[in-house]
Amino acid sequence: MKMNNSQTLPLRREQIELLTLKSNFITKFPNSPITQTLLNLPDTMDAEELIGAVAVLLDLLDRERNNNIGGGI
Numbered sequence: 192m193k194m195n196n197s198q199t200l201p202l203r204r205e206q207i208e209l210l211t212l213k214s215n216f217i218t219k220f221p222n223s224p225i226t227q228t229l230l231n232l233p234d235t236m237d238a239e240e241l242i243g244a245v246a247v248l249l250d251l252l253d254r255e256r257n258n259n260i261g262g263g264i
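First residue of the sequence shown: 192, per the working numbering; consecutive thereafter.
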């Protein structure tokens, strides 16, 4: 299939596994208020979903740090 410059192939949406991230975070920060939020994320997601989830988690971490609420982060 020949394609011109205005045509693009669909992007592959590879899944990213989050089980190791979840396990490591919970081991290191068992009392963090974001632990439950992290556990509620799917065990796999594509990059676009992960970027959105990371943005939310970073916002929660920032709030946790600035408000000095539990977790020791």
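Glycine is no exception: its CB is placed at the ideal position from the N, C-alpha and C atoms. Small disclaimer: the values here were computed from a predicted structure and weren't measured.
> Is it right to say Ile242 is buried, meaning 16 or more other beta carbons lie within 10 angstroms of its own, or is it exposed?
Replying inline: Locating residue 242 in the sequence shown gives position 51, where the first residue counts as 1. By the 10 Å Cβ count, Ile242 comes out exposed.
> By Cβ distance, which residues of its chain are closer than 6 Å to Thr235, with the 5 residues on each side in sequence left out?
Replying inline: Within the sequence shown, the letter at position 44 stands for residue 235. Result list for Thr235: Gln206 and Glu208, in chain order.
>> Quick check: what's the CA-CA separation for Leu212 versus Pro221?
In response: Counting from 1 along the sequence shown, the entry for residue 212 is found at position 21. Counting from 1 along the sequence shown, the entry for residue 221 is found at position 30. Going by the C-alpha atoms only, they are around 13 Å apart.
> With Leu229 and Leu248 assumed to form a contact (beta carbons below 8 Å), what rounded beta-carbon distance in angstroms separates them?
Replying inline: Residue numbering aside, residue 229 sits at position 38 when the sequence shown is read from its first letter. Residue numbering aside, residue 248 sits at position 57 when the sequence shown is read from its first letter. That belief holds up - the Cβ atoms of Leu229 and Leu248 are roughly 7 Å apart, short of 8 Å.
> Roughly how many angstroms separate the alpha carbons of Gln227 and Ala238, rounded to a whole number?
Replying inline: Here the question's residue 227 lines up with position 36 in the sequence shown. Here the question's residue 238 lines up with position 47 in the sequence shown. Approximately 21 Å between the Cα atoms of the pair.
> Who are Glu208's beta bridge partners in DSSP?
Replying inline: Within the sequence shown, numbered from 1, the residue matching residue 208 stands at position 17. Looking at the DSSP assignment, Glu208 forms a beta bridge with Thr235.
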